[in-house]
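**Student:** The structure that follows is given in the form of structure tokens.
Residue numbers (our numbering), protein chains in the order written: chain A, 156 to 331; chain B, 23 to 170.
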């Protein structure tokens, strides 16, 4: 579809956007930052799904739409498909990606950063902070999925979990 | 690895014992660090000054922009060989190896590539701080083992 842009540029832009919202705009309110990032993703997903469904007929049901997200949409965005799709047939879908492209370069500090003896051993909290920072980066793709699905006529809520880097899973709950 | 402001970002040293290489994390003291930086800085400006092919030379001691003029890449003693590479952004990579090792410039470039991939593109890393990225450590480790 026409023009190309360097992947490093897009990656850096997304990273900077997340860090700008988390550390500068809403430094004290991470929930607001998360919602803003997700809203941006929503608009992006909305427009992307418009582009990528341009010559397709309407989707017959929710499962077809989700399969479109897993296969064509994901491969347009991340050059691979979703590795695993699970559903409970009652409106909840779990999309699992074993090597999420935007998480491949993320790695956490293996050793405790500060050797301050006066503080309690902060290994757990350091890991917790790193996990929280990483999860902030997943709000954007959640928004993309939600935007894409809502443009296809399926209102839903999307959340993400990281099992172990770089694998992550997105849980889509369709609103009845 | 040392960055533009001469902060040591990451250290690892290899000493080959017979055929296999053995990696040793070593706690260099701050003095060693200063010595090394001073040596490399002087070597860089000295080699640029002594360059017979280059017409325009800065005075000795004037810091040159990275990449400008000729740049030295390794020195060798009877017990070890030190290879050096400086990127345009001021990141210096230093590799200390067995004296019989060949030209390591390609390897240094590869390590710099790994640095770009796993450190600069890591959203959890702030530039200028010591590098503590597990992916970077493991990938450099693996790469160097293939060199041995």
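Glycine included, each C-beta is placed from N, C-alpha and C at the ideal position.
#1: What are the partner residues of residue 328 of chain A, as DSSP defines its beta bridges?
#2: Tell me whether residue 261 of chain A sits in a helix, a strand or coil according to DSSP, three-state version.
#3: If the criterion is Cβ atoms closer than 8 Å, does the pair residue 322 of chain A and residue 245 of chain A meet it?
#4: List, in chain order, every chain B residue whose beta-carbon is nearer than 8 Å to that of residue 252 of chain A.
#5: Just by C-beta distance, which residues in the region 158-182 of chain A are closer than 8 Å to chain B?
#6: Taking three-plus beta-carbon pairs below 8 Å as touching, is the region 297-312 of chain A in contact with the region 211-229 of chain A?
#7: Can you give, in chain order, each stretch of the alpha helix (DSSP H) that sits fully within the region 205-232 of chain A and has at least 4 residues?
#8: Going by Cα to Cα distance, which pick from A/258, A/183, A/282 and A/320 is closest to residue 295 of chain A?
#9: Do residue 228 of chain A and residue 182 of chain A have their beta-carbon atoms positioned less than 8 Å apart in this structure?
#10: Is the region 115-133 of chain B in contact with the region 92-105 of chain B, if contact means three or more CB pairs nearer than 8 Å?
#11: Just to confirm the assignment, what range does the beta strand (DSSP E) spanning residue 241 of chain A have?
#12: Report yes if the CB atom of residue 140 of chain B is closer than 8 Å to the CB atom of residue 262 of chain A, and no otherwise.
#13: State yes or no: is the C-beta of residue 180 of chain A within less than 8 Å of the C-beta of residue 189 of chain A?
#14: Alpha carbons only, please: which of B/70, B/108 and B/99 is nearest the one belonging to residue 133 of chain B?
#15: Could one say the Cβ of residue 262 of chain A lies closer than 8 Å to chain B's Cβ atoms, at least one of them?
#16: According to a CB-to-CB cut-off of less than 8 Å, which residues of the region 283-308 of chain A neighbour chain B?
#17: Taking C-alpha atoms, which residue in B/157, B/148 and B/130 lies nearest to residue 174 of chain A?
#18: Taking the C-alpha atoms as reference points, what is the distance between residue 194 of chain A and residue 241 of chain A?
#19: Tell me, which residues are paired with residue 322 of chain A by DSSP?
#20: Would you mind sorting residue 73 of chain B into buried or exposed? The rule is 16 or more other CB atoms within 10 Å of its CB.
#21: Which residue or residues does DSSP assign as beta-bridge partners of residue 117 of chain B?
#22: Starting from residue 98 of chain B and walking both ways along the beta strand (DSSP E), at which residues does that stretch end?
#23: Taking the C-alpha atoms as reference points, what is the distance between residue 217 of chain A and residue 318 of chain A?
#24: Taking a cut of 8 Å between CB atoms, which residues from the region 133-162 of chain B lie near chain A?
**Tutor:** Considering the structure as presented:
#1: Beta bridge pairing from DSSP links residue 328 of chain A with A/247 and A/312.
#2: Correct three-state label for residue 261 of chain A: coil.
#3: The Cβ-Cβ distance between residue 322 of chain A and residue 245 of chain A does not fall below 8 Å.
#4: Chain B residues near residue 252 of chain A: none, gap ~17 Å exceeds 8 Å.
#5: Taken in chain order, the members of the region 158-182 of chain A whose beta-carbon sits within less than 8 Å of a beta-carbon on chain B are 163, 166, 167, 170, 173 and 174.
#6: With a cut-off of 8 Å, the region 211-229 of chain A and the region 297-312 of chain A count as touching, because enough Cβ pairs lie within range.
#7: List check, alpha helix (DSSP H) in window: 217-223.
#8: Distances from the alpha-carbon of residue 295 of chain A to those of A/258, A/183, A/282 and A/320 put A/258 closest.
#9: Cβ atoms of residue 182 of chain A and residue 228 of chain A: not closer than 8 Å.
#10: Enough Cβ pairs lie closer than 8 Å, so yes.
#11: Its beta strand (DSSP E) spans residues 239-242.
#12: With contacts defined by Cβ atoms closer than 8 Å, residue 140 of chain B and residue 262 of chain A form a contacting pair.
#13: Their beta carbons are not under 8 Å apart, which means residue 180 of chain A does not touch residue 189 of chain A by this criterion.
#14: For residue 133 of chain B, the nearest C-alpha among the options comes from B/108.
#15: Chain B contact via Cβ: present.
#16: Answer set for the region 283-308 of chain A: 285, 288, 289 and 292.
#17: The option with the nearest alpha carbon to residue 174 of chain A is B/148.
#18: Our two residues, residue 194 of chain A and residue 241 of chain A, have alpha carbons roughly 26 Å apart in a direct line.
#19: Beta-bridge analysis with DSSP links residue 322 of chain A to A/319.
#20: Note on residue 73 of chain B: under 16 other CB atoms within 10 angstroms of its CB, so exposed under the neighbour-count rule.
#21: According to DSSP, which records beta bridges pairwise, residue 117 of chain B is partnered with B/105.
#22: Counting along the chain, the beta strand (DSSP E) containing residue 98 of chain B begins and ends at 96-98.
#23: Each residue's alpha carbon lies about 26 Å from the other.
#24: Of all residues in the region 133-162 of chain B, 139, 140, 143, 144, 145, 146, 154, 155, 156, 157, 158 and 159 have a Cβ within less than 8 Å of some Cβ in chain A.
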